[in-house]
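Residue numbers (the working numbering): 1100 to 1202. Single-structure report; data block below.
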């Protein structure tokens, strides 16, 4: 009985293991769009074009000493700590400029 269960499990999971690598390749081939909500600050700063967008809209944040501590967070994440500087309007403007980079 145990062998039958193990064999059934192998038959069920085998197609999944074949499909998963193809999906991973498709995701890797299509780079994710940059955004203030989904892209970390570190990734934005490491991309010269994206960093230029940040410098354009929030130069004081990019030049600040604390920005390095926030590399693993998104701009939306840190908005609560600097709501007077990182406004909804600025996030929208940054997202609009980041969207242009993908074209």
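By construction, the Cβ of each residue, glycine as well, lies at the ideal position given by its N, Cα and C atoms.
Helix, strand or coil: which one does DSSP assign to residue i?
i, result
"residue 1185", "coil"
"residue 1198", "helix"
"residue 1172", "coil"
"residue 1157", "coil"
"residue 1163", "coil"
"residue 1137", "coil"
Considering residue i, what are the terminal residues of the alpha helix (DSSP H) in which it resides?
i, result
"residue 1131", "No alpha helix (DSSP H) holds residue 1131; DSSP gives it neither H nor E."
Measure the beta-carbon distance from residue i to residue j and round it to whole angstroms, keeping in mind my assumption that it falls under 8 Å.
i, j, result
"residue 1159", "residue 1184", "6 Å"
"residue 1190", "residue 1152", "12 Å between Cβ atoms; not a contact."
Run the proximity test for residue i: is its beta-carbon closer than 7 Å to any non-hydrogen atom belonging to the ligand PLP?
i, result
"residue 1169", "Judged by which ligands are present, the structure shown has none, so any question about the ligand PLP falls away."
Determine the closest residue to residue i out of the options, with distance taken between C-alpha atoms.
i, options, result
"residue 1157", "1145, 1182, 1199, 1131", "1182"
"residue 1193", "1154, 1142, 1145", "1154"
"residue 1140", "1148, 1165, 1172, 1132", "1172"
"residue 1199", "1138, 1149, 1136", "1149"
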